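Peer 1: Chains as they are written, first to last, in this note's numbering: chain A, 1 to 396; chain B, 1 to 396.
Number of protein chains: 2
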Amino acid sequence: MSGRVKGFRFAGVHGGVKKGDALDMGLIAAEQPVTAAGVFTMNRVRAAPVVISERRLLGGSCQAVLVNSGNANACTGRQGREAALALTRATAAVLGVPQALVVPASTGVIGVQLPGEKMMAAIAPLVDDLSEAGAARFSRAIMTTDRGPKVARAEVKVGWTKCHILGVAKGAGMIHPNMATTLGFVTTDISINRTTLRRMLVRAAEQTFNRVTVDGDTSTNDSIYALASGAATERPVVEKSAAGGKFADALTEVLETLAKKIVADGEGAEHLVRIEVQGAKSDGDAVQIARTIASSQLVKTALHGCDPNWGRILAAAGRSGAGFNPDHVSVKIGQVSIFEDGVPVMTAKTEAKAASAMKRREYAINVVVGRGRGLGHYWTCDLGHEYVRINADYRT
Amino acid sequence: MSGRVKGFRFAGVHGGVKKGDALDMGLIAAEQPVTAAGVFTMNRVRAAPVVISERRLLGGSCQAVLVNSGNANACTGRQGREAALALTRATAAVLGVPQALVVPASTGVIGVQLPGEKMMAAIAPLVDDLSEAGAARFSRAIMTTDRGPKVARAEVKVGWTKCHILGVAKGAGMIHPNMATTLGFVTTDISINRTTLRRMLVRAAEQTFNRVTVDGDTSTNDSIYALASGAATERPVVEKSAAGGKFADALTEVLETLAKKIVADGEGAEHLVRIEVQGAKSDGDAVQIARTIASSQLVKTALHGCDPNWGRILAAAGRSGAGFNPDHVSVKIGQVSIFEDGVPVMTAKTEAKAASAMKRREYAINVVVGRGRGLGHYWTCDLGHEYVRINADYRT
Numbered sequence: 001m002s003g004r005v006k007g008f009r010f011a012g013v014h015g016g017v018k019k020g021d022a023l024d025m026g027l028i029a030a031e032q033p034v035t036a037a038g039v040f041t042m043n044r045v046r047a048a049p050v051v052i053s054e055r056r057l058l059g060g061s062c063q064a065v066l067v068n069s070g071n072a073n074a075c076t077g078r079q080g081r082e083a084a085l086a087l088t089r090a091t092a093a094v095l096g097v098p099q100a101l102v103v104p105a106s107t108g109v110i111g112v113q114l115p116g117e118k119m120m121a122a123i124a125p126l127v128d129d130l131s132e133a134g135a136a137r138f139s140r141a142i143m144t145t146d147r148g149p150k151v152a153r154a155e156v157k158v159g160w161t162k163c164h165i166l167g168v169a170k171g172a173g174m175i176h177p178n179m180a181t182t183l184g185f186v187t188t189d190i191s192i193n194r195t196t197l198r199r200m201l202v203r204a205a206e207q208t209f210n211r212v213t214v215d216g217d218t219s220t221n222d223s224i225y226a227l228a229s230g231a232a233t234e235r236p237v238v239e240k241s242a243a244g245g246k247f248a249d250a251l252t253e254v255l256e257t258l259a260k261k262i263v264a265d266g267e268g269a270e271h272l273v274r275i276e277v278q279g280a281k282s283d284g285d286a287v288q289i290a291r292t293i294a295s296s297q298l299v300k301t302a303l304h305g306c307d308p309n310w311g312r313i314l315a316a317a318g319r320s321g322a323g324f325n326p327d328h329v330s331v332k333i334g335q336v337s338i339f340e341d342g343v344p345v346m347t348a349k350t351e352a353k354a355a356s357a358m359k360r361r362e363y364a365i366n367v368v369v370g371r372g373r374g375l376g377h378y379w380t381c382d383l384g385h386e387y388v389r390i391n392a393d394y395r396t
Numbered sequence: 001m002s003g004r005v006k007g008f009r010f011a012g013v014h015g016g017v018k019k020g021d022a023l024d025m026g027l028i029a030a031e032q033p034v035t036a037a038g039v040f041t042m043n044r045v046r047a048a049p050v051v052i053s054e055r056r057l058l059g060g061s062c063q064a065v066l067v068n069s070g071n072a073n074a075c076t077g078r079q080g081r082e083a084a085l086a087l088t089r090a091t092a093a094v095l096g097v098p099q100a101l102v103v104p105a106s107t108g109v110i111g112v113q114l115p116g117e118k119m120m121a122a123i124a125p126l127v128d129d130l131s132e133a134g135a136a137r138f139s140r141a142i143m144t145t146d147r148g149p150k151v152a153r154a155e156v157k158v159g160w161t162k163c164h165i166l167g168v169a170k171g172a173g174m175i176h177p178n179m180a181t182t183l184g185f186v187t188t189d190i191s192i193n194r195t196t197l198r199r200m201l202v203r204a205a206e207q208t209f210n211r212v213t214v215d216g217d218t219s220t221n222d223s224i225y226a227l228a229s230g231a232a233t234e235r236p237v238v239e240k241s242a243a244g245g246k247f248a249d250a251l252t253e254v255l256e257t258l259a260k261k262i263v264a265d266g267e268g269a270e271h272l273v274r275i276e277v278q279g280a281k282s283d284g285d286a287v288q289i290a291r292t293i294a295s296s297q298l299v300k301t302a303l304h305g306c307d308p309n310w311g312r313i314l315a316a317a318g319r320s321g322a323g324f325n326p327d328h329v330s331v332k333i334g335q336v337s338i339f340e341d342g343v344p345v346m347t348a349k350t351e352a353k354a355a356s357a358m359k360r361r362e363y364a365i366n367v368v369v370g371r372g373r374g375l376g377h378y379w380t381c382d383l384g385h386e387y388v389r390i391n392a393d394y395r396t
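Encoded structure:
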């Protein structure tokens, strides 16, 4: 039973959103109202469940999360909003909890109405399926075109008590735009107040989920939820304590693991690459440079071809908007130095070495842009034929 | 002789930068110093010729432009700067004009030093090759992986006199990053002062070259030069006159034709698509939305697959940073309405119609985002397997 998060049960059933009999509805339910926080997409076009969840989480409390895959309930107008409200109302009724404590999340095709009746009929079986060991089924129920479920765990000791964190996620940005969106769900049995939880979630997401790109497209449904039952500990952890620090680190680690799994699962991706920028004027500048390199179509196709094409890396950095002196730039791929103080140092031998480093499943590209203290990174993947095949040949 | 631009001669020779015997050095020379203006890349990493040209054009006057393809002379440090200076010095000597009136431009692989000696030996033959009919050879000499030369012409009547504009360009943004960059050269025999020419060039470039994307990567070498000999007319055209207006329109038309040729020639591109945005709060917002849609990897792969995937279009618009109400959005592909006032209106029949419109070589996608007066457009192309093949398999 080790690793279970006390106070939560999970479920996953087939509700008829996806074809066949794949799991497509998931539920997380707590024994009693728990501390809750969420971070949501910055896209102006927001799915109905995003709008509803954000409003319901304002109070910092929640008792259940109802998720479906196969349909994003985005761009569905009033009918979509009403369907999401009706489904959470039904879930609340079967669970016997207030409707305002049930939040919805959806992922899948954009612009198609939810199959409301089928889903309504699946609410009772879904609640029946709830169990403490149900996280595996839940993690499969939220998948769209993911290669597999994405789960991460961590433990934190508060005094003598072992507390648990369990994170489950799906997708990556808008890599699967018709099977849209990233969703992340973190449960923990630590005790924490809502302001602290929210602050730690925002900070951890900024360092992890906000540092990955597959194709630069922000979806209409991106959401991360964090729920803390407090079932393992009595006293809430506070921010500037040893336990608080350990919890924040563990939360970041869980989200980092999930975020990396998401990029590694980018459609057709063969390489997971960390773009590491140092020496910028500020951390913000460093992240901006890392983001621009990580999002460059030309860099990503070069990653696919295992081509140590530093010219593309420099050109992307140069258009990032961040200030730096090109004469102070150095670039390493893996451990191989290919550009130093503004001048290429690549010989046939180092090129072969760099190309070989790029054949690895996971590696880093290190870019030093000056002598400043700014640090930042981004995770990206390569852009290959498989990506084009999946995204061009997909029919709405 | 119709269409010739009085006061200019053009040349193109093989100087040994490219392999084989392809033309790789071009020259434009004027009989006497002419009014000149330039617009240059915003990339912080700038090639040596960009830095030199910008400084030399500050005076608003110029007599020759020396161009090479096959090597961008970017990221080449002090040696690259000295090579560019030496080449313009030699050209100036052979032409018998002041060195400061010769501006350099380069396009091609980044980070490799120019073959200076070979190029130096080609300066005399290049000057010998100058002729009034040499624009065709010049246009081929500046090509890198372009499918063909890109030339556009226009005529403007000033009083009873016919004046000419000739534009020549190559490449597209950073579609060919190792064969990098867009270069554009406009010559005209109209008489105009430098401030007016510069203002009109900036405005025309903003409406044309700054409204195209192939892969979102701004190069280290992008430059457009405009040279006006005044050989056809005596009195300078002024901005707020009939002739001034006609010249500004013709200049924009020439740059528009070149810019469209550049996108249509995007590596592997099969479709040239105009993203047209209306109803935004301002023109700036409209352009920002159009740019984000035009640059979206997911939209571009859908264009490749002829998939009327409005969900991706909306999601891209939503992350553009411009404000709009998703409930007021309508989308048309070609003439086919697929999304109206925030709700999809696509049936099997309209989807088939839209997909069929997308099979055309050139078409428009019209996005209305509200009731504002803001208008803007962007030209883009599809992202297909050929793009990945060329850019992944290319070795530095």
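All residues carry an ideal CB built from backbone N, CA and C; glycine is no exception. Nothing here was measured: the structure is a model prediction, and the numbers come from that model.
1. Specify whether the segment 373-391 of chain A and the segment 299-316 of chain B touch according to this definition: at least 3 beta carbon pairs, one from each stretch, less than 8 Å apart.
2. Might you give, ordered along the chain, the residues of its own chain that have their beta carbon closer than 7 Å to the beta carbon of residue 382 of chain B, omitting 5 neighbours on each side?
3. Excluding the five sequence neighbours on either side, which residues of its own chain have a C-beta within less than 7 Å of the C-beta of residue 245 of chain B, listed in chain order?
4. Is the Cβ of residue 343 of chain B closer than 7 Å to any Cβ of chain A?
5. Helix or strand or just coil, what does DSSP make of residue 85 of chain A?
6. Taking the straight line between their C-alpha atoms, what separation do you get for residue 260 of chain A and residue 121 of chain A?
7. Could you list which residues in chain A have their beta carbon closer than 7 Å to that of residue 223 of chain B, in chain order?
8. Could you check where the alpha helix (DSSP H) with residue 138 of chain B kicks off and where it finishes?
9. Can at least three beta-carbon pairs, one atom from the segment 220-237 of chain B and one from the segment 46-64 of chain B, be found at a separation below 8 Å?
10. In angstroms with no decimal places, state the Cα-to-Cα distance between residue 176 of chain A and residue 267 of chain A.
11. Taking Cβ to Cβ, would you say residue 90 of chain B is nearer than 7 Å to residue 142 of chain B?
12. Quick check: is the beta carbon of residue 304 of chain B nearer than 7 Å to any beta carbon in chain C?
13. Residue 317 of chain A versus chain B: which residues are under 8 Å apart at the beta carbon?
14. Which residue comes first and which comes last in the alpha helix (DSSP H) that contains residue 125 of chain A?
15. Here's the rule: buried if 16 or more other CB atoms are within 10 angstroms of the residue's CB, otherwise exposed. What is residue 31 of chain B?
16. At what residue ranges does the segment 207-237 of chain B contain a whole run of the beta strand (DSSP E), taking only runs of 3 or more?
17. Which residue from B:235, B:10, B:140 and B:200 puts its Cα closest to that of residue 128 of chain B?
18. Would you kindly check if the distance between the Cβ of residue 56 of chain B and the Cβ of residue 94 of chain B is under 7 Å?
19. Tell me whether residue 319 of chain A is buried or exposed, calling it buried when 16 or more other Cβ atoms sit within 10 Å of its Cβ.
20. Are at least three pairs of beta-carbons, each pair with one atom in the segment 358-377 of chain B and one in the segment 275-293 of chain B, less than 8 Å apart?
21. Does any CB atom of chain B fall closer than 7 Å to the CB of residue 75 of chain A?
22. What's the gap between the Cα of residue 287 of chain A and the Cα of residue 316 of chain A?
23. Can you tell me the Cα-Cα spacing of residue 376 of chain B and residue 310 of chain B, whole angstroms?
24. Report the neighbours of residue 324 of chain A on chain B: residues whose CB is nearer than 7 Å to its CB, in chain order.
25. For the putative contact between residue 69 of chain A and residue 108 of chain A, defined by C-beta atoms under 8 Å, what is the C-beta separation to the nearest angstrom?
26. Does the beta carbon of residue 354 of chain B sit closer than 7 Å to a beta carbon anywhere in chain A?
27. Please compile the residues from chain B whose C-beta is within a distance smaller than 7 Å of the C-beta of residue 383 of chain A.
28. Could you list the residues in the segment 181-201 of chain B with a C-beta less than 7 Å from some C-beta on chain A, going in chain order?
29. Short check: CB of residue 153 of chain A to CB of residue 12 of chain A, under 7 Å?
30. I need the DSSP call for residue 351 of chain B, collapsed to helix, strand or coil.
31. Report the neighbours of residue 314 of chain A on chain B: residues whose CB is nearer than 7 Å to its CB, in chain order.
32. Suppose you measure from the CA of residue 135 of chain A to the CA of residue 297 of chain A; what does that come to, to the nearest Å?
33. Looking at chain B, is there any beta carbon in it that lies within less than 7 Å of the beta carbon of residue 444 of chain A?
34. Contact defined as beta carbons within less than 8 Å: I believe residue 334 of chain B pairs with residue 357 of chain B. What is the distance between those atoms, to the nearest angstrom?
35. List, in chain order, every chain B residue whose beta-carbon is nearer than 8 Å to that of residue 219 of chain A.
36. Chain B beta carbons: is any one of them nearer than 7 Å to that of residue 110 of chain A?
Peer 2: If we stick to the structure as given:
1. In short, these stretches touch, since the Cβ pair count reaches three.
2. Counting only Cβ-Cβ distances below 7 Å, and skipping sequence neighbours, we find 269, 270, 271, 300, 303 and 304.
3. none
4. Residue-level contact check: residue 343 of chain B touches chain A, since one or more beta carbons of chain A fall below 7 Å from its beta carbon.
5. helix
6. 36 Å
7. Those within 7 Å of residue 223 of chain B in chain A number zero; the least Cβ separation is about 15 Å.
8. 135-141
9. yes
10. Caution is warranted here: a pLDDT of 37 is assigned to residue 176 of chain A, below 50, making its placement in the model unreliable, and the coordinate value is therefore given only provisionally. So the alpha carbons of these two residues sit roughly 8 Å apart.
11. Not in contact: residue 90 of chain B and residue 142 of chain B (Cβ atoms no closer than 7 Å).
12. Annotation note: the requested chain C is absent from the structure, which comprises protein chains A and B.
13. 44 and 45
14. 116-128
15. Classified as exposed, residue 31 of chain B has fewer than 16 neighbouring CB atoms from the shown chains inside 10 Å of its CB.
16. 223-228
17. B:10
18. No, these two residues do not count as a Cβ contact at 7 Å.
19. buried
20. yes
21. yes
22. 13 Å
23. 19 Å
24. Chain B residues near residue 324 of chain A: 44.
25. 5 Å
26. no
27. Within chain B, the residues placing a beta-carbon under 7 Å from that of residue 383 of chain A are 388, ordered along the chain.
28. none
29. no
30. helix
31. Within 7 Å Cβ-Cβ: 45 and 75.
32. 36 Å
33. Outside the shown range of chain A (1 to 396) lies residue 444 of chain A, about which nothing can therefore be said.
34. 3 Å
35. 315
36. At least one chain B Cβ lies under 7 Å of residue 110 of chain A.
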